[in-house]
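One structure is given here, and the rest of the page talks about it.
Number of protein chains: 2
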Amino acid sequence: MARIALDAMGGDFAPQATVAGALLALAELDPAHSIQLVGQTAVVDAHLRALLDGELAAHARHRDRISIIEAPEVIEMTDRPSAVVRGKPNSSMAVGLRLQPDGLSDAFVSAGSTGAQMAASMVILRLHAGLKRPAIATFFPSSRRTVVVLDSGANVDCSPEELVQFARLGATYAECVMRRANPAVGLLSIGEEPEKGNAATKEAHQLLRQSGLNFIGNVEGRDLPAGGTEQHAVDVVVCDGFVGNVLLKFYEGVAPLMVDTLQKEGFNPDDIRAGLKHLDYSEHGGAPLLGVKGVSIIAHGKSSPRAIKNAVKAAVQAVTSGMNEQIGQRLSVAAENAA
Amino acid sequence: MARIALDAMGGDFAPQATVAGALLALAELDPAHSIQLVGQTAVVDAHLRALLDGELAAHARHRDRISIIEAPEVIEMTDRPSAVVRGKPNSSMAVGLRLQPDGLSDAFVSAGSTGAQMAASMVILRLHAGLKRPAIATFFPSSRRTVVVLDSGANVDCSPEELVQFARLGATYAECVMRRANPAVGLLSIGEEPEKGNAATKEAHQLLRQSGLNFIGNVEGRDLPAGGTEQHAVDVVVCDGFVGNVLLKFYEGVAPLMVDTLQKEGFNPDDIRAGLKHLDYSEHGGAPLLGVKGVSIIAHGKSSPRAIKNAVKAAVQAVTSGMNEQIGQRLSVAAENAA
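If you read the sequences in order, they're chains F and S. Positions 30 to 368 (this note's numbering) are the ones given, in order, by the first sequence. Positions 30 to 368 (this note's numbering) are the ones given, in order, by the second sequence.
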């Protein structure tokens, strides 16, 4: 059973979307799992009542798997991410994360400020031994299977060693949570050959060959939508957080361009939008922040109730798969092998 | 009038596609312009005759605007790009480029090895004063106007100063060749705020503010398909060649994924492919290598006759617009201002 703390106050459409998403998630999850809505109790409770009296009345039977945890402070867009833990220790972000080291919760989900969630997760959950930084893993739909891309924005100017750590984190996630056997890892670069790339990727390529991971070599931009090279399907693609973040946002912007373009050619834009729905981020349930001791799932700021539901489900999968313990074990084995 | 040297031997479908592309281009260009087909004379001539006796018989009247220039050596995929000029001085790449400093041609177009074309262009055409490296400019279709993105692969690990030079090159191209008045320049990063990004982009942001260019600030991945931010349309987007190349190849791979996805939802893939044709690189006629003293247009390795035609037309536009002289002038003014 998993207890998922959900930041009820985080996201552009909170708390309406977060509270509704919690109810939708509970309806689909095994009854053993529960949700802790973290936020201003009166506000959260009012939204919960309104939903259960109204459009989500059919979900009333899940009410007893929801608890509300008071967090009086609210993070503003103007708050500096790095100052949230100290500056607003009673915000939903800080309170929700602290439940894990206190043994009261198994995972945290937020659609609030990504920077604040990352900083607070590092301080409150702490990092596994040997890591300098966590990585944000995101999911790219492809013509083959969904590809895990990391880092997607937690780190810029990464060292080769950090890229290898991302590979290890991503491979563990793919294996434990996505049930991929012996996941194939690719290094994002600008040519297949090991000598293609920038300084960090060229060195990372050599390190990955000796990493014990199932490293298939460099992959290029085109291999992401294709789900791999001609020779190899890929499960995990490693890059620095600058490249990963640019790509992620580019990808989010491509579908609207496709809809626009096809509309000008006479297609019905609603039909196209519906046809592309599987490419939508909200299907993929939030991006896990990997490397922290615990579970912290970053949902999109514009999360709908459906996106929140999928993020909560991703958190449950992370907990029940034992991902966090596996990451800890594999990092320590890798450190021993390197020593 | 412009004399365009075309590497008849370069590209996956050469010389058939290159010779056919030359004829298609001449049919659309002003009669003052001519094409020099550079390659093994016997091979090129045989293809030209066959096309004029067959499917392109209607183009026979353009034959007198084509000359064939002998280049006996052929570049192989296994040749090291940097060794082409010295190792194969009589290849179509080296011979075709040398026509410019010899005063015999105004531009060079090739669908051959990008690396070889870049290296040979730097050696044979040389760089404008003050530049360390050229940049490859590519064209991204967007929901607004086409966006020029550079660098798209000539340089990795760029310094902030190089990023500013790319901005200047791209802005001159947008103004002279694409006729954009006071082109808006954006710096690709991972957030709008000047302090977001990696070390090079953060410093480049400050330098761009003082560059005299119409700098609109950072743009994000999503602003490329959107053609700008909510506030500003963008004409030129600057990034290092690693990021630019990953994005370019990613973009090339996205349309097939969209076709795949929509086909699974019941759409006719041929209809979708036809509807997305304006997003195809072959519409955009090759990528200019900016910063060299002359015109060198890099066409896609898989160029069709249509793509070659558009690359030749892009070369003519570059010549007739006086782009090269403008770039030289603006770089020297910028250098004086900085001194």
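Each residue gets a CB set at the ideal place from its N, CA and C atoms; glycine is no exception.
The beta-bridge partner set that DSSP reports for Gln45(S) is empty. Cβ proximity to chain S below 7 angstroms picks out Ser171 and Ser172 from the stretch 155–178 of chain F. The beta-carbon of Ile219(F) is placed less than 8 angstroms from the nearest beta-carbon of chain S. Among the residues facing chain F, Phe279(S) is included, as its CB has a counterpart in that chain under 8 angstroms away. Contact of Val267(F) with chain S is not assigned, every C-beta pair being separated by 8 angstroms or more. Around Pro110(S), no beta-carbon contact reaches into chain F at under 9 angstroms, the shortest distance being about 11 angstroms.
Residue environment analysis places Ala367(S) among the exposed positions, since fewer than 16 neighbouring C-beta atoms fall within 10 angstroms of its C-beta.
Listed in chain order, the non-local C-beta contacts of Leu305(S) below 6 angstroms within the same chain comprise Ala284, local neighbours out to five positions each way being set aside. With a threshold of 8 angstroms between beta carbons, Asn243(F) makes no contact with chain S. Within the stretch 102–171 of chain S, the beta strand (DSSP E) runs of at least 3 residues that lie entirely inside it are, in chain order, 136–139 and 167–169.
Under the three-state reduction of DSSP, Glu99(F) is assigned to strand. Fewer than three Cβ pairs drawn from the stretch 308–328 of chain S and the stretch 260–273 of chain S lie within less than 8 angstroms of each other, which leaves the two stretches out of contact.
Annotation: Asp36(F) is outside any alpha helix (DSSP H); the continuous beta strand (DSSP E) that includes it extends over Arg32 to Asp36.
About 5 angstroms separates the CB atoms of Val214(F) and Leu242(F); that is less than 8 angstroms, so the two are in contact.
Not a single CB atom of chain S sits nearer than 8 angstroms to the CB of His261(F).
In this structure, DSSP gives Ala229(F) a helical state, which the three-state scheme calls helix. In the structure shown, Phe244(S) falls within a strand segment according to DSSP collapsed to helix, strand and coil. The alpha carbon of Ser139(F) has as its nearest neighbour, out of Gly351(F), Met352(F), Ala343(F) and Thr349(F), the alpha carbon of Ala343(F).
DSSP places Leu179(F) within a strand segment (E or B) once states are collapsed to three. Between Leu277(F) and Ser181(F), the C-beta gap is smaller than 8 angstroms, which places the two residues in contact. Annotated three-state conformation of Ala196(S) is helix, per DSSP. Annotation: the continuous beta strand (DSSP E) that includes Ile327(S) extends over Ser325 to Ile327.
With fewer than 16 neighbouring CB atoms inside 10 Å of its own CB, Asn297(F) falls in the exposed class. Taking C-beta atoms as the reference points, Ala31(F) and Val345(F) count as a pair closer than 8 angstroms.
A direct Cα-Cα distance of roughly 16 angstroms separates Phe279(S) from Glu249(S).
Counting along the chain, Gly304(S) sits inside the alpha helix (DSSP H) bounded by residues Pro298 to Gly304. Phe195(S) is outside the set of residues whose beta carbon lies under 8 angstroms from a beta carbon in chain F.
With the rule of 3 Cβ pairs closer than 8 angstroms, the stretch 91–100 of chain S counts as touching the stretch 67–79 of chain S. Cβ contact annotation for Ile301(S) (same chain, cutoff 8 angstroms, sequence separation greater than five): Met287, Val288, Leu291 and Gln292, in chain order.
Scanning chain F for C-beta atoms nearer than 9 angstroms to the C-beta of Glu249(S) yields Asn274, Val275, Lys278, Phe279 and Gly282, reported in chain order. For Asp309(F), none of the residues of chain S pass the 9 angstroms Cβ criterion, the least Cβ distance being about 11 angstroms. Interface residue (Cβ-Cβ distance to chain F less than 8 angstroms): Thr290(S) is classified as such. Within 7 angstroms of the CB of Ala148(S), no CB atom of chain F is found; the nearest one sits about 15 angstroms away. Contacts with chain S at 8 angstroms (Cβ-Cβ) include Pro285(F). For Gly50(S), the CB contacts under 8 angstroms within the same chain, skipping 5 residues up- and downstream, are Leu35, Ser332, Ser333, Pro334, Arg335, Ala336, Ile337, Lys338, Ala340 and Val341 in chain order. For Ile356(S), the enclosing alpha helix (DSSP H) stretches over residues Met352 to Ala367.
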